[in-house]
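S.K.: Attaching a single structure in structure tokens format; questions to follow.
Chains as they are written, first to last, in this note's numbering: chain Z, 1 to 109; chain C, 110 to 309.
Given below as structure tokens:
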């Protein structure tokens with residue numbers, strides 16, 4: 001009977017079960033209902049460029065503008081000769097030549 | 110057919126595709142795995158086809174839910190599905206406390222590949238007798254015999270499904286086959302094996 005049994009089991013294994021169409025539809029419906037959504041490629045939002053992020057580091061656009069204006073004013077004060085400074089401030093200052101050879105850097109006109 | 114586009118893709122890769130939103134992968138997995146789970150559950154449940162389909166749907170539902178966490182290379186999809194189906198069948202058998210006797214009408218529908226009405230009748234009779242004999246086996250022996258000889262799983266795969274050692278699988282399979290042979294030997298003539306020249 002052992003050989004007969006082996007034949008019978010082999011015969012049964014070759015016969016695929018056919019599930020009902022209703023079951024297949026239910027399983028597929030479950031699959032699609034539970035399926036995670038496909039990932040969507042998203043572009044970087046406008047206004048998040050390099051300079052915007054850089055301004056953010058210094059506290060935003062207005063703060064960066066104030067910092068720039070102060071820097072320009074400081075350079076201007078350093079460039080102008082003491083006589084102009086006296087004119088602007090209404091005072092007189094004594095001058096001292098620390099670098100006489102560098103006069104050409106402050107020559108006007 | 111359109112769903113064969115993923116025909117060569119392993120089940121485990123299909124799981125990843127499914128989790129990434131590939132609807133086609135859902136269709137292919139459904140068609141590959143569901144029939145096997147239905148056949149297996151029907152045999153464990155003594156041929157109760159309606160209950161086997163419920164088990165198959167629940168097994169597949171759990172498969173879809175686990176897909177986003179699926180790790181390729183850890184376990185095969187079929188091994189996972191058989192394990193879940195086994196546990197669901199055990200739960201149902203315990204909760205109902207009964208073991209159904211198989212009738213010819215309860216036997217799973219199968220693809221018809223046998224020529225001739227007489228041959229079909231004889232084969233149907235043998236298959237029904239096998240289902241009845243399987244239903245008489247103890248649960249663990251039936252699981253092992255079905256997985257090994259009807260579902261074509263290897264002993265290590267069966268061990269993973271049943272969560273036991275390989276030696277225990279070998280023992281269960283051997284004892285199950287001996288018990289099957291003893292049950293069927295009483296019906297040998299009735300099943301037409303006396304006159305079968307090619308049946309050994």
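C-beta atoms are modelled at their ideal positions from N, C-alpha and C, and glycine is treated no differently. Small disclaimer: the values here were computed from a predicted structure and weren't measured.
Below 7 angstroms on C-beta distance, what does residue 282(C) contact in chain Z?
M.R.: Within 7 angstroms Cβ-Cβ: nothing; residue 282(C) doesn't reach chain Z, min ~11 angstroms.
S.K.: Taking the alpha carbon of residue 288(C) as the point to measure from, which residue in 250(C), 140(C), 130(C) and 152(C) has its own alpha carbon closest?
M.R.: 250(C)
S.K.: Interface residues of chain Z around residue 236(C) at Cβ under 9 angstroms?
M.R.: 8, 11, 12 and 15
S.K.: Give the DSSP-derived three-state secondary structure of residue 277(C) in the structure shown.
M.R.: helix
S.K.: Could you check whether the Cβ of residue 118(C) sits closer than 9 angstroms to any Cβ belonging to chain Z?
M.R.: no
S.K.: Pull the bridge partners of residue 134(C) from the DSSP assignment, please.
M.R.: BP columns for residue 134(C) are empty, so no partner.
S.K.: Look at residue 191(C) and residue 127(C) and say whether their C-beta atoms are less than 9 angstroms apart.
M.R.: no
S.K.: Against residue 173(C), what residues of chain Z qualify as contacts under a CB-to-CB distance less than 8 angstroms, listed in chain order?
M.R.: Contact note: residue 173(C) reaches chain Z through 30, 31, 34 and 35, using a C-beta cutoff of 8 angstroms and chain order.
S.K.: Mind pulling the chain Z residues with CB within less than 8 angstroms of residue 127(C)?
M.R.: 31 and 35
S.K.: I'd like to confirm the pairing. Which residues does DSSP put opposite residue 165(C) in its beta bridges?
M.R.: Its beta-bridge partners do not exist; DSSP assigns none.
S.K.: Would you identify the three-state DSSP class for residue 38(Z), choosing helix, strand or coil?
M.R.: coil
S.K.: Taking C-alpha atoms, which residue in 187(C), 259(C), 281(C) and 234(C) lies nearest to residue 142(C)?
M.R.: 187(C)
S.K.: Got a sec: is the Cβ-Cβ distance from residue 187(C) to anything in chain Z below 9 angstroms?
M.R.: no
S.K.: Applying a beta-carbon distance threshold of less than 7 angstroms, which residues of chain C neighbour residue 62(Z)?
M.R.: What residue 62(Z) touches in chain C: nothing, since even the nearest Cβ is about 45 angstroms away.
S.K.: Run through the DSSP bridge pairs and tell me what residue 13(Z) is partnered with.
M.R.: None; residue 13(Z) has no bridge partner.
S.K.: Check whether the Cβ atoms of residue 286(C) and residue 254(C) sit closer than 9 angstroms, and answer yes or no.
M.R.: yes
S.K.: Under the three-state reduction of DSSP, which class applies to residue 173(C): helix, strand or coil?
M.R.: helix
S.K.: Would you mind sorting residue 39(Z) into buried or exposed? The rule is 16 or more other CB atoms within 10 Å of its CB.
M.R.: exposed
S.K.: How about residue 293(C) and residue 242(C): are their beta carbons less than 9 angstroms apart?
M.R.: yes
S.K.: So which residues of chain A does residue 147(C) contact, with C-beta pairs closer than 9 angstroms?
M.R.: This model lacks chain A altogether; the protein chains it does include are Z and C.
S.K.: Using alpha carbons as the reference points, say which of 256(C), 161(C), 171(C) and 240(C) lies closest to residue 271(C).
M.R.: Sorting 256(C), 161(C), 171(C) and 240(C) by C-alpha distance to the C-alpha of residue 271(C) places 256(C) at the top.
S.K.: Considering only C-alpha positions, which residue in the set 134(C), 144(C) and 152(C) is nearest to residue 35(Z)?
M.R.: 134(C)
S.K.: Is there a C-beta anywhere in chain Z that falls below 9 angstroms from the one on residue 131(C)?
M.R.: yes
S.K.: Which of the three DSSP states, helix, strand or coil, is assigned to residue 204(C)?
M.R.: helix
S.K.: Report yes if the C-beta of residue 120(C) is less than 8 angstroms from at least one heavy atom of the ligand PLP; otherwise report no.
M.R.: The model on display carries no ligand, and the ligand PLP is accordingly not part of it.
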